[in-house]
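2 protein chains.
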Amino acid sequence: MSLELTPVQTVACCSPLSREPLTESEAEGIVPLLKALGDPVRLRLMSLVASHEGGEACVCDLNDAFELSQPTISHHLKVLHEAGLLEREKRGVWVYYRARTDALSGLAALIGGQAQ
Amino acid sequence: MSLELTPVQTVACCSPLSREPLTESEAEGIVPLLKALGDPVRLRLMSLVASHEGGEACVCDLNDAFELSQPTISHHLKVLHEAGLLEREKRGVWVYYRARTDALSGLAALIGGQAQ
DNA sequence: CTTAAACATCGACAAGTGTAAATATTTACC
DNA sequence: GGTAAATATTTACACTTGTCGATGTTTAAG
């Protein structure tokens, strides 16, 4: 995940996406984030964790929010974690996931600059 | 007239994604955009069009930027168009695509608010 | 009217993905 | 140690998706 912006780029007219064509390697660094969020269950999981009090949520809470099997939720959480969008912390028997808001805002800054 | 704060304003701190859990229907409205951008070729196509002078690009230019067949590029442009990320205009034999920067910034605002 | 060029659509196939059942692993508690 | 609970992993399978070749459609030029 190379979402680094130099000061020069930061003050330019718009988002990196609209400023100049992304290279192949740049695109391949960003795509995993978009793919991870491009599933309704994972997008809702991300939102559930990010909006949860304390900024974190236990897997046990997340399982109950969907009519899906526990392994399926576990799989989606793994995808989000490996994309760098969720942090994972084990406390006792429970596992807590925390949203990487820096990754979210970085991704937003990359795609969302207004034109000119 | 006094300025009252609605409950929404009171809790408003960040992006919709991080403010409260997305509903299933909300997620299914956003996912097509993320899926459309979640492919390296389409992300680069989007960037190519958005960063092109005049804000638009001819398909003929886009074809030359990839070592992919013309039908494949046409397919990807259709996906981006149907997601609402690209406008399509035919002029003579040529077809020009234009980036929907409003859609991009809207998506960015949805996912990218910083915490607190 | 014929031809060529630009772009889209169709059909097919390999690769990727979401899902669940079964099983494994880790931790707490008796 | 034994047992139960919380999560993860494995395996398998149906479904989706990216790609290309072949073909269709539209427009301009001769």
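Line order of the protein sequences matches chains X and C.
Numbering of the first sequence is given in our numbering, commencing with residue 8 and proceeding in unit increments.
Numbering of the second sequence is given in our numbering, commencing with residue 8 and proceeding in unit increments.
Virtual Cβ for every residue (Gly too), placed ideally from N, Cα, C.
In the three-state reduction of the DSSP assignment, Glu33(X) falls in the helix class.
Boundaries of the alpha helix (DSSP H) harbouring Cys67(X): 66-71, taken from the DSSP string. With respect to chain C, the C-beta atom of Pro78(X) has no partner C-beta closer than 8 Å. Under DSSP, the beta-bridge partners assigned to Arg95(X) are Tyr104(X).
Close CB contacts of Val86(C) within its chain, under the 6 Å cut and outside five residues either way in sequence, are with Ala43 (chain order). Taking the beta carbon of Val38(X) as reference, the chain C residues within 7 Å of it are Gly45, Asp46, Pro47, Leu50, listed in sequence order.
The contact set of Leu69(C) on chain X, defined by CB atoms closer than 7 Å, is empty, because the minimum CB distance reaches about 10 Å. For Leu50(C), the enclosing alpha helix (DSSP H) covers residues 47-58. The beta carbons of Leu114(X) and Met53(X) sit no closer together than 8 Å. In the displayed model, Glu63(C) falls within a strand according to three-state DSSP.
Listed along the chain, the chain X residues whose CB falls inside 7 Å of the CB of Leu29(C) are Leu50, Arg51, Ser54. Annotated as distal: Val100(C) and Leu84(C), with beta-carbon spacing of 8 Å or more.
Look at Leu75(C): its C-beta is not under 8 Å from any C-beta on chain X. Flagged as an interface residue toward chain X: Lys42(C), by a C-beta distance shorter than 8 Å. Chain order gives the chain X residues near Gly119(C) as Leu111, Ser112, Leu114, Ala115, Ala116, Gly119, where near means a beta carbon separation below 7 Å.
If you draw a straight line from the Cα of Glu27(C) to the Cα of Ile80(X), it comes to about 19 Å. When secondary structure is reduced to three states using DSSP, Ser22(C) falls in the coil class, being assigned neither helix nor strand.
Pairing Ser58(C) with Leu24(X), the inter-Cα distance amounts to about 7 Å.
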